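Asks:
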Amino acid sequence: MKQQLPQSFIRAGVTRTQIAAAAATNKVEARINMSADVAGAGLCPECRKPMERSNANGFPVMICEAHRIAIPLPDGTF
Numbered sequence: 135m136k137q138q139l140p141q142s143f144i145r146a147g148v149t150r151t152q153i154a155a156a157a158a159t160n161k162v163e164a165r166i167n168m169s170a171d172v173a174g175a176g177l178c179p180e181c182r183k184p185m186e187r188s189n190a191n192g193f194p195v196m197i198c199e200a201h202r203i204a205i206p207l208p209d210g211t212f
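Per this note's numbering: the sequence shown ends with 212, consecutive numbering throughout.
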């Protein structure tokens, strides 16, 4: 079954080609780096500063308060 565009798009004369072209030009890339070199080394994936150890509801996590990021630690680590 082929999906249909919303009626408001159809009334405005918007085509699937225009939507695809707009999506291609407005490409969004992730800012965070979850690689082993950054997040795996205890650095914030956003600002790359050292994260602090904490717990979230009893689970050990590394946190960056400035960016509100919490990364869970492996079991038995804390």
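C-beta: ideal position from N, C-alpha, C; glycine also. These figures come from a predicted structure and were not determined experimentally.
Using a Cβ-Cβ cut-off of 8 Å (strictly less than) and excluding sequence neighbours within five positions of Ala158, which residues of its own chain qualify?
Replies: Taking the sequence shown and counting its residues from 1, one reaches residue 158 at position 24. Within the same chain, and ignoring the five residues on either side of Ala158 in sequence, no residue has its Cβ closer than 8 Å to its Cβ.
Asks: Could you pull the DSSP bridge partners for Ser188 from this structure?
Replies: Locating residue 188 in the sequence shown gives position 54, where the first residue counts as 1. Its beta-bridge partners are Val195.
Asks: By Cβ distance, which residues of its chain are closer than 7 Å to Val172, with the 5 residues on each side in sequence left out?
Replies: One-based indexing of the sequence shown puts residue 172 at position 38. Cβ within range, chain order: Pro179 and Arg182.
Asks: Between Gly194 and Leu207, is the Cβ-Cβ spacing less than 8 Å?
Replies: For the purposes of this step, residue 194 is taken as the residue at position 60 of the sequence shown. For the purposes of this step, residue 207 is taken as the residue at position 73 of the sequence shown. Note that residue 194 is Pro in the sequence shown, not Gly. Yes, Cβ-Cβ distance for Pro194 and Leu207 is below 8 Å.
Asks: Please report the straight-line C-alpha distance between Gly192 and Glu199, rounded to a whole angstrom.
Replies: The residue labelled residue 192 in the question sits at position 58 within the sequence shown. The residue labelled residue 199 in the question sits at position 65 within the sequence shown. Straight-line Cα distance between these residues: approximately 18 Å.
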